[in-house]
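Working notes, beginning with the structure itself.
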Amino acid sequence: MDKEEVIVAKKLYKSFDKNHILRGIDLVLHKGENLGVVGKSGIGKSVLIKCIVRLIEPDAGEIDVLGTNVLECNSNELNELRKKVGYLFQGGALYDSMSVRENLFFPIRRTQFRDKKLDTEELIERSLRSVGLLDAIDKMPSELSGGMKKRIALARTLILKPEIILYDEPTTGLDAVTSGEISELILKIREEYNTAAIIITHDMKCAKIATDSIKIMDEGIFKVVGTYDELSRNEEKEVRDYFI
Ligand SMILES: Nc1ncnc2c1ncn2[C@@H]1O[C@H](COP(=O)(O)OP(=O)(O)OP(=O)(O)O)[C@@H](O)[C@H]1O
Ligand SMILES: [Mg+2]
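As structure tokens, this is what we get:
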């Protein structure tokens with residue numbers, strides 16, 4: 007039997023004026039799966055995952071996330087759903103005027119999140135431990151390196167114990183070694199939190215380490231699908247070129 011589906015998006019369309027970004031794209035994410043999405047800059051990767059959590063309203067299509075029909079949710083239902091879907095934004099901005107602890111407390115307060123076992127401080131500490139940065143709890147963002155900021159942004163995503171994580175360029179702007187560490191961390195988080203994830207990336211090392219399979223987006227749909235090894239040996243030069 008197929009593994010349980012946690013995201014099913016069908017025939018999604020989205021245009022901005024005459025700029026037709028999504029043109030009938032389909033996407034299925036299974037429980038426990040790490041799915042990579044690659045494609046040229048501006049092709050619509052971020053738009054796609056924003057549609058999945060309705061930060062952008064698609065023009066047409068169907069989206070089911072964890073058994074909920076996303077396009078028919080009211081705002082309460084949408085808030086409930088977004089607690090289960092962590093979103094690591096491209097750029098991953100922290101609130102500069104807040105300490106790491108306050109940054110992590112923010113989603114707990116906003117969503118009135120309660121955990122059965124852990125109190126707020128324990129939740130914050132658990133998340134920071136998961137990304138290896140418990141020591142940074144009282145630091146301000148300005149005191150953190152780029153790689154540390156990414157980890158803290160990830161800890162902030164983990165705090166609500168999401169079932170799905172949408173990573174938008176988790177390693178952009180980092181050196182190769184730090185990118186590798188973040189990619190390994192994505193795998194570790196899947197084990198620890200039992201998540202499924204969509205990982206948008208330009209970083210082929212990240213795709214190789216962190217994904218089970220990769221979809222290449224072009225002209226508003228997924229054109230090619232395969233594992234890293236399959237795609238890097240694809241007969242089309244255009245496909246192989248992503249892997250150079
Ligand atoms: N809110 C918006 N209003 C108008 N146009 C938008 C909006 N959001 C995105 N776009 C346009 O949609 C296209 C796709 O953008 P998107 O951010 O999804 O690209 P991307 O594939 O994530 O690129 P990158 O790899 O550079 O992050 C771009 O042309 C962008 O200008
Ligand atoms: Mg993007």
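When you number the sequence shown by this note's numbering, it's gap-free, plus one each residue, and the end is 250.
We put the beta carbon where it would ideally sit given N, CA and C, even for glycine.
Contact between the stretch 116-128 and the stretch 146-163 is not established, with fewer than three Cβ pairs separated by less than 8 Å. Taking every residue with its beta carbon within less than 6 Å of a heavy atom belonging to ligand 1 gives, in chain order, Phe22, Asn25, Ile27, Gly45, Ser47, Gly48, Ile49, Gly50, Lys51, Ser52, Val53 and Gln96.
Bridge pairing for Lys122: absent [DSSP]. Per DSSP, the beta-bridge partners of Arg29 are Tyr19. When distances are taken from the beta-carbon of Glu175 to the heavy atoms of ligand 2, the shortest one is below 7 Å.
By the CB criterion at 8 Å, Lys20 and Val59 fall outside the cutoff. Of all alpha-carbon atoms in Gly179, Phe228, Leu193 and Gly226, the one lying nearest the alpha-carbon of Gln96 is that of Gly179.
Take the alpha-carbon of Ile158 and the one of Leu134: they are about 7 Å apart. Rounded to whole angstroms, Glu63 and Pro168 show a C-alpha spacing of 22 Å.
Under the criterion of beta carbons closer than 8 Å, Val12 and Leu72 qualify as touching, at roughly 6 Å. Counting every other CB atom within 10 Å of its CB across the protein chains shown gives Tyr101 a total below 16, marking it as exposed. In this structure, Ile49 sits near Met223, with a CB-CB distance shorter than 8 Å. With respect to the C-alpha of Lys221, the residue from Ile31, Lys17 and Lys9 having the closest C-alpha is Ile31.
The beta carbons of Phe112 and Ile130 sit no closer together than 8 Å.
Asn200 carries a coil assignment under DSSP once its states are collapsed to helix, strand and coil. In terms of Cβ geometry, Gly186 and Lys145 do not form a close pair [threshold 8 Å]. With a 10 Å radius around the Cβ and a threshold of 16 neighbouring Cβ atoms, Ala142 comes out buried. Of the residues Gly92, Thr74 and Ala182, the one whose Cα lies closest to the Cα of Leu172 is Gly92. Annotation: the continuous beta strand (DSSP E) that includes Ala66 extends over Ala66 to Val71. Judged by DSSP secondary structure, Ser219 falls outside any alpha helix (DSSP H) and instead within the beta strand (DSSP E) spanning Ser219 to Asp224.
In this structure, Tyr199 keeps its C-beta atom at 8 Å or more from the C-beta atom of Thr217.
Val183 sits exposed, since fewer than 16 C-beta atoms from the chains shown fall within 10 Å of its C-beta. Nearest neighbour of Ser219 by Cα position, chosen from Ala66, Leu33, Lys155 and Ile27, turns out to be Leu33. Asn109 and Arg162 do touch by the CB rule: their CB atoms are close to 6 Å apart, below 8 Å.
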